[in-house]
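A.B. asks:
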Amino acid sequence: MFSLEFLQTALLYLGYILIFPGFLFCFVIGLLLCGIDRKAVARMQKRVGPPILQPFYDFFKLCGKETIVPAAASRTTFMMAPLLGLSALVVIQLFIPVFNFRVFRNLPEVADIIVILYLLLIPAVSVMMGGAASGSPYAGIGLSREMVTVLAVELPLVLVLLSVAKTVGNAMGTGLVFSMSGIADYQAAHGSLICRASMIPAALAMLLIIPGETGNHPFDAAEAETEICEGLLAEYSGAPLGIFKLSHAVKMLTLTSLFVALFLGGIGSGVVRLIAAIGLTGGLASAIALLLQVLIMVLLCIVLTLVTISFVHAVTARLKIEQLFKYYWTVVTGLALISLVLAWFGK
Amino acid sequence: MFKKLIEESTAKSPWLFHINAGSCNGCDIELVSVLTPRYDAERLGVKLSGTPRHADIVVVTGPVTVQSLPRVLRTIEQVPEPRCIVTMGSCPQSGNVFRGSYSIAGPLSKYVHVDVDVAGCAPKPEAVIDGLVKAIEILREKRRAMN
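So the protein sequences, as listed, match chains A and B.
In this text, residue positions in the first sequence follow this note's numbering: the first is 35, and each later residue adds one.
In this text, residue positions in the second sequence follow this note's numbering: the first is 1177, and each later residue adds one.
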């Protein structure tokens, strides 16, 4: 028989997966970020723009549309690919600490940057799988472009993560710290990493990686709707398309919250200190602290989305795939390398 | 409740797909102008999609030439239900100045059910938006009739 304690833990983790940092949170906040992005771009172009809730309408509309599976498609892969991508993103969200709140509090070595790096690939791979399974020539072109985009973005991302790990490792005197909770703990005690001069180029590189990784303008050569009919998504319709659109929105949340966790993690400890200063203690205080931290996290994600996705979308035109590749492997990699070198030789 | 939600959402997020069936490009430019800051159809949730699979409303321009007819019909078939077909300009409705030409197979209503006709050569953006709003209402009715 299962003990009561086991049941409690199981329920707690189910709650984590389905509600708070997991599915429901990702669904609501991700689509909200997407809506804010569309509204902001519209305002920057002097348009009225769609309502903030537009991505929710789009998602529910797509749920009610007919799903057409092309005759040339491999049915199982075509239908399962969107679910694979979305679930990978939800798992990443579990690994990213919200300041002091961590799902794997008792297992600090579980949540680790390298796992996040691997999991971040899965949504891209799932889109490629689904596109390839659809048997459309447009998806074929989209596939090769998506692959180049992933390759281009991955190198600077690895360098950014490595320089963060090295900086924290240097300060702790333990070589490299890959654990997400280790990085969060360090920032809670010693202030945000972005305050260090050596980390500023890495933070800039990470800001430039966000639109590339989500496939937003100007790095959307893989999904160019005016050119190759949305590329990989050309044959998708109905609910699977809705799930891909949802994954795209959740990816915005994942990357912006990853940025917050890596570079702005010191802000959360201020909240804890503030609540301690007021004199609140016990369960209520920790609940309020958690609520405030989540609120700050969401606000920071919105600000980051506006800066890195909306603003960049409004002022740029789509890059060709070779320009995109060159840009990431020179400018962005260069920025990340500066940080890595500075971090490696200490300070 | 979920059905109601989907129905409301269908009315709030119509995605367009534009087919040029031998148009002179006048209507095509007017359709794009509907999305510009001045008229901004995106406030109704309208988005121009690149593939018929994502579309809810198909906008056909041009007098439907003999060459384009099979392609137009095939593209319309690729749009998932519920879908709405809107013709834009006088050409797909009557043939306009090309009426009686050997190369014209139109009007479009001979081949598929057309939901809304927006007449004019080219129609004003206001007329196009009016037509789209009518199409959205038909789309909502079609969604209600499903299951």
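Backbone N, C-alpha and C fix where the C-beta goes; we use that ideal spot for every residue, glycine too.
A quick note: this is a predicted structure, and the numbers were derived from the prediction, not measured.
Taking 8 Å as the CB-CB limit, is E259 of chain A close to chain B?
C.D. replies: By one-based count along the first sequence, residue 259 of chain A stands at place 225. Yes, because at least one Cβ of chain B sits closer than 8 Å to the Cβ of E259 of chain A.
A.B. asks: Quick check: the Cα distance between Q1254 of chain B and Q88 of chain A, rounded to an integer number of angstroms?
C.D. replies: Against the second sequence, residue 1254 of chain B aligns to sequence position 78. Against the first sequence, residue 88 of chain A aligns to sequence position 54. Distance between the alpha carbons of Q1254 of chain B and Q88 of chain A: 25 Å.
A.B. asks: Can you name the start and end residues of the beta strand (DSSP E) that I1233 of chain B belongs to?
C.D. replies: Within the second sequence, numbered from 1, the residue matching residue 1233 of chain B stands at position 57. From DSSP, the beta strand (DSSP E) with I1233 of chain B extends over 1233 to 1237.
A.B. asks: Taking the runs of the alpha helix (DSSP H) that are 4 residues or longer, which of them lie wholly in the region 152 to 215 of chain A?
C.D. replies: You should have 171 to 206.
A.B. asks: Is it right to say T1227 of chain B is buried, meaning 16 or more other beta carbons lie within 10 angstroms of its own, or is it exposed?
C.D. replies: The residue given as residue 1227 of chain B occupies position 51 in the second sequence. Classification of T1227 of chain B: buried, given that the 10 Å Cβ count is 16 or more.
A.B. asks: Mind pulling the chain A residues with CB within less than 8 Å of L1249 of chain B?
C.D. replies: The residue labelled residue 1249 of chain B in the question sits at position 73 within the second sequence. Per Cβ cutoff of 8 Å: no residues; L1249 of chain B is ~16 Å from chain A at best.
A.B. asks: Is there a Cβ of chain A sitting closer than 8 Å to that of S1185 of chain B, yes or no?
C.D. replies: Sequence index remark: in the second sequence, residue 1185 of chain B carries index 9 (1-based). Answer yes: the Cβ-Cβ gap between S1185 of chain B and chain A drops below 8 Å somewhere.
A.B. asks: For D1306 of chain B, tell me which candidate among B:V1290, B:E1184, B:V1262 has the shortest Cα-Cα distance.
C.D. replies: If you number the second sequence from 1, residue 1306 of chain B lands on position 130. Nearest option by C-alpha distance: B:V1262.
A.B. asks: In chain A, which residues lie less than 7 Å from D1216 of chain B when you measure between Cβ atoms?
C.D. replies: For the purposes of this step, residue 1216 of chain B is taken as residue 40 along the second sequence, with counting starting at 1. Those within 7 Å of D1216 of chain B in chain A are R81, V82.
A.B. asks: Applying a beta-carbon distance threshold of less than 7 Å, which residues of chain B neighbour E100 of chain A?
C.D. replies: Working through the first sequence from its first residue, we reach residue 100 of chain A at position 66. Result: P1256, E1257.
A.B. asks: In three-state terms, what does DSSP make of M1264 of chain B?
C.D. replies: Locating residue 1264 of chain B in the second sequence gives position 88, where the first residue counts as 1. DSSP places M1264 of chain B in strand when its eight states are reduced to three.
A.B. asks: Examine the Cβ distances between the region 237 to 257 of chain A and the region 330 to 348 of chain A and report whether three or more of them are shorter than 8 Å.
C.D. replies: As far as the Cβ criterion goes, the region 237 to 257 of chain A touches the region 330 to 348 of chain A, which means the pair count is three or higher.
A.B. asks: Using a cut-off of 7 Å between C-beta atoms, extract the partners of K1188 of chain B located in chain A.
C.D. replies: In the second sequence, counting from the first residue as 1, residue 1188 of chain B sits at position 12. Here the neighbours are Y91.
A.B. asks: Quick one: measure Cβ to Cβ for L318 of chain A and L67 of chain A, integer angstroms, because I've assumed they're closer than 8 Å.
C.D. replies: Walking along the first sequence from the start, residue 318 of chain A turns up at place 284. Walking along the first sequence from the start, residue 67 of chain A turns up at place 33. Not quite, the Cβ-Cβ distance comes to about 30 Å (not below 8 Å), so this is no contact.
A.B. asks: Helix, strand or coil: how does DSSP classify I102 of chain A here?
C.D. replies: By one-based count along the first sequence, residue 102 of chain A stands at place 68. Reduced to three states, the DSSP call for I102 of chain A is coil.
A.B. asks: Taking three-plus beta-carbon pairs below 8 Å as touching, is the region 251 to 267 of chain A in contact with the region 166 to 181 of chain A?
C.D. replies: Yes: at least three Cβ pairs fall under 8 Å.
A.B. asks: Starting from the beta carbon of G272 of chain A, find every residue of chain B whose beta carbon is closer than 7 Å, and list them in chain order.
C.D. replies: Looking up residue 272 of chain A in the first sequence gives position 238. The contacting residues are P1256.
A.B. asks: Quick one, which of A:C229, A:G276, A:A348, A:P252 has its alpha-carbon nearest Y362 of chain A's?
C.D. replies: Taking the first residue of the first sequence as position 1, residue 362 of chain A is located at position 328. Of the candidates A:C229, A:G276, A:A348, A:P252, the one whose C-alpha sits nearest the C-alpha of Y362 of chain A is A:P252.
A.B. asks: Are the CB atoms of Y1215 of chain B and P1301 of chain B within a distance shorter than 8 Å?
C.D. replies: Residue numbering aside, residue 1301 of chain B sits at position 125 when the second sequence is read from its first letter. Residue numbering aside, residue 1215 of chain B sits at position 39 when the second sequence is read from its first letter. For P1301 of chain B and Y1215 of chain B, yes; Cβs fall inside 8 Å.
A.B. asks: Could you tell me which whole alpha helix (DSSP H) segments of length 4 or greater appear in the region 238 to 322 of chain A?
C.D. replies: DSSP runs (the alpha helix (DSSP H)) wholly in the region 238 to 322 of chain A: 259 to 262, 272 to 297, 301 to 312.
A.B. asks: Nearest to L369 of chain A by alpha carbon, out of A:E188, A:C97, A:A239, A:C229?
C.D. replies: Stepping through the first sequence from its first residue, residue 369 of chain A is reached at position 335. Minimum Cα distance to L369 of chain A is reached at A:A239.
A.B. asks: Residues in the region 273 to 289 of chain A with C-beta within 9 Å of chain B's C-beta atoms, listed in sequence order?
C.D. replies: Residues L275.
A.B. asks: What's the C-alpha gap between T248 of chain A and T290 of chain A?
C.D. replies: Along the first sequence, read from residue 1 onward, the residue named residue 248 of chain A stands at position 214. Along the first sequence, read from residue 1 onward, the residue named residue 290 of chain A stands at position 256. The straight-line gap from Cα to Cα measures roughly 10 Å.
A.B. asks: Figure out for me which residue from A:A231, A:T183, A:A173 has the closest Cα to the Cα of S197 of chain A.
C.D. replies: As a first step, residue 197 of chain A must be located in the first sequence, where it is residue number 163. Cα-wise, what sits closest to S197 of chain A is A:A231.
A.B. asks: Does the separation of the CB atoms of G385 of chain A and V161 of chain A fall below 8 Å?
C.D. replies: No answer is possible for residue 385 of chain A: the residues shown for chain A start at 35 and end at 381.
A.B. asks: At a CB-CB cut-off below 8 Å, which residues of chain A make contact with L1181 of chain B?
C.D. replies: Position 5 of the second sequence, counted from the start, is the residue given in the question as residue 1181 of chain B. Correct list: F94.
A.B. asks: Quick check on DSSP: helix, strand or coil for V1294 of chain B?
C.D. replies: The sequence position of residue 1294 of chain B within the second sequence is 118, counting from 1. Three-state result, V1294 of chain B: strand.
A.B. asks: When the cut-off is 8 Å and only beta carbons count, does P1301 of chain B lie next to chain A?
C.D. replies: Position 125 of the second sequence, counted from the first residue, corresponds to residue 1301 of chain B. Answer no: the Cβ-Cβ gap between P1301 of chain B and chain A never drops below 8 Å.
A.B. asks: Which value, in whole angstroms, describes the spacing of the CA atoms of L374 of chain A and T367 of chain A?
C.D. replies: Here residue 374 of chain A corresponds to residue number 340 of the first sequence, with the count starting at 1. Here residue 367 of chain A corresponds to residue number 333 of the first sequence, with the count starting at 1. The alpha-carbon atoms of L374 of chain A and T367 of chain A are separated by roughly 10 Å.
A.B. asks: Compare the beta carbon distance of H1194 of chain B and L1224 of chain B with 8 Å and say whether it is the shorter of the two.
C.D. replies: Start at 1 with the first residue of the second sequence, and residue 1194 of chain B comes out as number 18. Start at 1 with the first residue of the second sequence, and residue 1224 of chain B comes out as number 48. Taking 8 Å as the Cβ cut-off, H1194 of chain B and L1224 of chain B qualify as a contacting pair.
A.B. asks: DSSP on L120 of chain A, reduced to helix/strand/coil?
C.D. replies: Position 86 of the first sequence, counted from the start, is the residue given in the question as residue 120 of chain A. In this structure, L120 of chain A counts as helix in the three-state DSSP scheme.
A.B. asks: Work out the CA separation of M78 of chain A and S108 of chain A for me, nearest whole Å.
C.D. replies: In the first sequence, counting from the first residue as 1, residue 108 of chain A sits at position 74. In the first sequence, counting from the first residue as 1, residue 78 of chain A sits at position 44. If you take the alpha carbons of S108 of chain A and M78 of chain A, they lie about 42 Å apart.
A.B. asks: Determine the chain B residues that contact Q88 of chain A at a beta-carbon separation under 8 Å, and present them in chain order.
C.D. replies: Locating residue 88 of chain A in the first sequence gives position 54, where the first residue counts as 1. By Cβ distance, chain B contributes K1188, S1189, G1221.
A.B. asks: Could you tell me whether the region 1277 to 1285 of chain B touches the region 351 to 358 of chain A, using the rule of 3 or more Cβ pairs below 8 Å?
C.D. replies: No: fewer than three Cβ pairs fall under 8 Å.
A.B. asks: What residues are listed by DSSP as bridge partners for K1223 of chain B?
C.D. replies: Start at 1 with the first residue of the second sequence, and residue 1223 of chain B comes out as number 47. In DSSP, K1223 of chain B forms a bridge with B:W1191.
A.B. asks: I want to see whether chain A comes within less than 8 Å of P1213 of chain B, judged by CB atoms only; does it?
C.D. replies: Stepping through the second sequence from its first residue, residue 1213 of chain B is reached at position 37. So, interface residue.
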